[in-house]
Structure formats: structure tokens, C-alpha cells
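Numbering (the working numbering), first residue to last: 799 to 1238.
Ideal placement from N, C-alpha and C gives every residue a C-beta, glycine not left out.
One structure below.
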Ligand SMILES: *Cc1c(COP(=O)(O)O)cnc(C)c1O
């Protein structure tokens, strides 16, 4: 099946009853989907007389139209109240992060006191590793995936070095089986059962940025604990993409950014989760700042921290309100739709795109490397295009067809139909455009 030629069979025997074209079928899927798209609530870059089909929401989500007015409210409060905005703003800045706590907890399946929105993702990875990477001579290792995002690789290497270890010796990079494109959760579990007594910390991407694979968070966390390791999760590509149950999964800690599926804008604030069982542990090493201390006593100017038994105690600084306003709006939108309904739609869109892309890949020396089982992936499909430079291919997708995808050199094109705003028609456009650029 190729999406390139519109229409089905010539159907000469029924000249009056025309088969719908593939494009018409895509529009029909949009019209009949149980969860209407919220595309109109986002600003979508223009292309020719219309708009792009945006498949890079796994990299930077689109801007909600409502955000400009929200930011305006904070700018107005700053103009009108200046320093008094901390306590008298319409959303007082002093306690602003409290507004994000419950929706952020819902998003990742946590209890409210287990989460806080602060900093950027890599900073949070570091702050949490200060507490949760406690190497000993017999247990010095950090286990990551071989296809870890570079920032995570650099972060764990620098943490190992900080503790006086040689990163080349203590960072274990787990690769897929020979000939396979993605890591199997059961292989991570088996590795931990066999070699886990060397592992101090497991830090994996719940959804891999490259392949789009969703790991089995529950099973790997349990295996890490059985091996005596601490288990942290990078949710950069999971938050707002798949349903998460961090608390019930018993994850020790996690961190995620808010500018990918969460649409909170470039470089916007990240989230952090620490499991309840660690919150009152006063023996954990932490870096501290004035935002770590109990807010009730913050202005007593005490020389020592008054600890709070929540994720807030990992905060250092007073947070950037303009970024928080964007995160709050995004979390409101996720609450309105609900992650269960969004994920169900995501599965429908991704399955549809998968079927179209399979048709495109057939006979064109390309293949989808993302796992086929819907429960082993999120919204993203990664297409490997053998022997072609994907840079020029994605440039042509963008400029000739208005399809925004991204190239991961050497040979992978990532397409993420983010369910908040991507449509079945967008999927049809992407597949049709990919066929056209591959045929050239
Ligand atoms: C996007 C991403 C990051 C980005 O880190 P920042 O600190 O937000 O710049 C880090 N790790 C992973 C796995 C990512 O996907």
C-alpha cells in the first residue's frame, strides 16, 4: 500500500460510487475521531497558503494561542505591583510553583508532594544525582542505555568523575541485541539480575529520544531494586506522551522537561519527582539554596535550612515566573483533555501513520525502527533510511511539502504525531511527502 497515488482501484464496474482517496479517508478519520483535535488552539507555522504538518513536537511543542495573554497578565502584575507582586499578584509569585504541583503530579502519576517544577532537565538530573548517586568502592556503576541522549551521557560521566571514578570504567552503556534496533526491557532486567551488584544507579530514558521505544518502567525499577540499585527515570520524551505511574512503579526519582510534548516553550522549566519514601530522609546529601528551606521561615534570615519533607527541598532559587506561566497553561490543557483520552488518540494516530509509512518504506530501502507494539512506544516513529543523508531529505520535507520532521544523523528521520494538535490529515501529508522525497 502506498499513500502516494490518491484513490483506490479504478472501480470501472461502479462508475457512480467513487472510492474515497487516501486524503479523504484521513479527513474522515479526523471528522469521526472520538477526541477532536485541539489544533486550532495552537499557533502553527505557515506553509504556502496553509500551515505546516508539525511532527517535531517531541523536540519543541507548538505555542498555545492562549499563552500570550497569560504572559501578559504576569507582565501587567509586574508593571502594576513590582515587588508587591510576590504576594499580591493575581497568582502570587511567592507561591506560584504550588499551582503546578497537582497537575504535574497527575501528569506523571505521583503524589503532589513528590513533585516540583524547577530548573531545566539536565540541572535536575544533576541535583537528583547529588542525592541518589552514592557510589561505593564495590558498587560504583551507573547503568544507562547506549542510545542515551548526549546530555544524560555527559551528566552521568561528570557525576562519576565528581566522585573520583573513571567514567570509562563505571558508566555501563547497555546496547540492544546484535541486529536489533531497540533495547528489550527484559534484557535490562536480566542484566540487573546478573551484574546489578556493581550498579549504584540506573538512569534510563522512559521513552528513548532516538527510537521512540517505551521501556517497562515497573519491571526495570523492580529489577534495579532487587539488585540493590537506585532507579531514576528521564521522562523528557515520556511526560505528556504516555501515561505514567511513578509512585506505584516505585521509581526512586525522575526528571523531565516541559518544552517537548508539554508545549511550555523553548528552554522552559523542568519537573522533578522524588518518591515519598525518600522525602523525610534527612541523611540524603543535597545542594541547598534559599528555596530549599521552609517557606514559612524563609524570611527569618536563618543561617541554616529548615527542611521541608517534600520535593520542594530540592529547589534552590526563586523560579522564573514567565516560564512557570507557560508550564501552568500547558498543564491545564493536559488536565482538560486528560492523559488517558490523549494517549488513546495518540495510539490511533501513531498506528495510522505507521500503516502509511510501512507502505512508503516498502521497496524504498527504509524501515520503521520503533517497536511495533503500541505499549512499547509513545507517539514517535523513527524511520531509518539506508544510505541516504537524512539532512537534505528533512529539508525537502519542510520546504517543498511543509512537513516538519527531524533528522538524526546518520540515517534516521523522527516523526511524532503529537495528539494535542496533529491530525490524521497531517499523517497523510507526512507519508505522501516522504514517499515523494525518497523517490527523487
Ligand atoms: C530533550 C532532552 C534533554 C534536554 O536537556 P535540557 O537540560 O532540557 O537542555 C535531556 N535529556 C533527554 C533524554 C532529552 O530528550
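Proximity to residue i [Cα-Cα], best of the options
i            : options               : result
residue 1180 : 1000, 942, 1048, 1203 : 1203
residue 1086 : 1074, 961, 1076, 1106 : 1106
residue 829  : 892, 1223, 949        : 1223
residue 1188 : 967, 1208, 1147       : 1208
residue 1169 : 1163, 1182, 1162      : 1182
residue 942  : 983, 961, 1174, 1157  : 983
residue 1071 : 822, 888, 927, 1216   : 927
residue 845  : 1217, 1215, 1196      : 1196
residue 991  : 1035, 839, 1037, 1017 : 1017
residue 929  : 1080, 1034, 1164, 893 : 1080
residue 1232 : 949, 1157, 977, 840   : 1157
Backbone CA spacing between residue i and residue j [nearest angstrom]
i            : j            : result
residue 806  : residue 1237 : Its pLDDT being 42, under 50, residue 806 is placed unreliably by the model, and the measurement read from it follows with that caveat. Each residue's Cα considered, the two are about 21 Å apart.
residue 1026 : residue 1129 : 35 Å
residue 1206 : residue 1045 : 33 Å
residue 826  : residue 832  : 12 Å
residue 989  : residue 981  : 12 Å
residue 1112 : residue 916  : 9 Å
residue 935  : residue 1118 : 40 Å
residue 995  : residue 933  : 12 Å
residue 1235 : residue 1194 : 7 Å
residue 1162 : residue 849  : 28 Å
residue 1212 : residue 1001 : 23 Å
residue 1102 : residue 925  : 19 Å
residue 1041 : residue 1052 : 14 Å
residue 1031 : residue 971  : 15 Å
residue 1191 : residue 908  : 41 Å
Range of the contiguous alpha helix (DSSP H) that encloses residue i
i            : result
residue 928  : 919–930
residue 876  : 865–879
residue 972  : No alpha helix (DSSP H) contains residue 972, which is instead part of the beta strand (DSSP E) from 969–972.
residue 829  : 820–830
residue 1030 : Here residue 1030 belongs to no alpha helix (DSSP H); instead the beta strand (DSSP E) covers 1028–1032.
residue 815  : From DSSP, residue 815 is part of no alpha helix (DSSP H); its letter is neither H nor E.
residue 1120 : 1119–1135
residue 986  : 983–993
residue 953  : 948–960
residue 906  : 894–906
Supposed contact pair residue j and residue i - C-beta distance, whole angstroms, cut 8 Å
i            : j            : result
residue 891  : residue 884  : 5 Å
residue 859  : residue 1061 : 3 Å
residue 836  : residue 1109 : Residue 836 to residue 1109, Cβ: 29 Å. No contact.
residue 1210 : residue 1008 : 7 Å
Environment of residue i [buried if 16+ CB atoms lie within 10 Å]
i            : result
residue 1097 : exposed
residue 898  : buried
residue 820  : buried
residue 1134 : exposed
residue 1131 : buried
residue 1143 : buried
residue 1201 : buried
residue 1019 : buried
residue 874  : exposed
residue 1099 : exposed
residue 997  : buried
residue 816  : exposed
Endpoints, beta strand (DSSP E) assigned at residue i
i            : result
residue 1001 : 997–1003
residue 842  : No beta strand (DSSP E) contains residue 842, which DSSP labels as neither H nor E.
residue 1218 : Segment: none, residue 1218 is in no beta strand (DSSP E) and carries neither H nor E.
residue 1183 : 1179–1183
residue 1165 : 1164–1166
residue 1071 : 1068–1072
residue 1238 : Premise fails: residue 1238 is in no beta strand (DSSP E) and is neither H nor E.
residue 1204 : 1204–1206
residue 1053 : 1051–1054
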